[in-house]
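Trainee:
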Amino acid sequence: MNTEHVVLSTTADSAANAADLARAAVAERLAACAQITEIRSLYWWDGSVQDSPEWRIDFKTRADLAPRLARFVEANLSYDTPEVIVTPIIGGSTAYLAWLDQETTASH
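Numbering of the sequence shown is given in our numbering, commencing with residue 1086 and proceeding in unit increments.
(1) Give me the Cα-Cα distance between Val1169 and Val1092, rounded to the nearest whole angstrom.
(2) Going by DSSP, which residues form a beta bridge with Asp1136?
(3) Within 10 angstroms of its Cβ, does Trp1140 collect 16 or more other Cβ (buried), or is it exposed?
(4) Count the other CB atoms within 10 Å of the CB of Ile1175; is the residue buried (16 or more) or exposed (fewer)?
(5) In its own chain, which residues sit with a C-beta less than 6 Å from the C-beta of Tyr1128, not counting the 5 before and 5 after it?
(6) Less than 8 Å between the CB atoms is what I'm expecting for Leu1162 and Ala1116, so what's the real figure, rounded?
(7) Within 10 Å of its beta-carbon, does Thr1147 have 16 or more other beta-carbons around it, so buried, or fewer, so exposed?
(8) Just the Cα atoms here: how many angstroms apart are Glu1123 and Phe1144?
(9) On the DSSP letters alone, give me the boundaries of the beta strand (DSSP E) that Thr1096 sits inside.
(10) Could you tell me if Thr1189 is buried or exposed, where buried requires 16 or more neighbouring beta carbons within 10 angstroms of its beta carbon?
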């Protein structure tokens, strides 16, 4: 089982904010890629159930970069409590995972 790679997921309040965050993280080599999906979120906040559109961002990265990427996400989102969930990638295409490693290497 491979646990050297992870998907870090978060949400943003607009498509533009999601794209800006994704682009910046990839440019900084904190993630090899990011996928953005429009979603509808229902959650408890400020004493009631909220229902709002959000944009989920799934970053593919190395496990050792996850803490830095989490700090980057938290510093660049306007939410009081940004969602940051890290899920291990336990398998996948050898070529894809090698590409992920290559694209998140600073000397690249």
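Ideal Cβ positions, reconstructed from N, Cα and C, are used throughout, including at glycine. From a predicted model like this one, the values you see are computed outputs, not experimental measurements.
Mentor: In short, the structure shows the following:
(1) Each residue's alpha carbon lies about 10 Å from the other.
(2) Checking the DSSP bridge columns, you'll see Asp1136 partnered with Leu1127.
(3) buried
(4) By the 10 Å Cβ count, Ile1175 comes out exposed.
(5) The answer, listed in chain order, is Gln1135.
(6) Not a contact, Cβ separation roughly 15 Å.
(7) For clarity, residue 1147 is Arg in the given sequence; the question names Thr instead. Result: buried.
(8) 15 Å
(9) Unbroken beta strand (DSSP E) run through Thr1096: 1090-1097.
(10) buried
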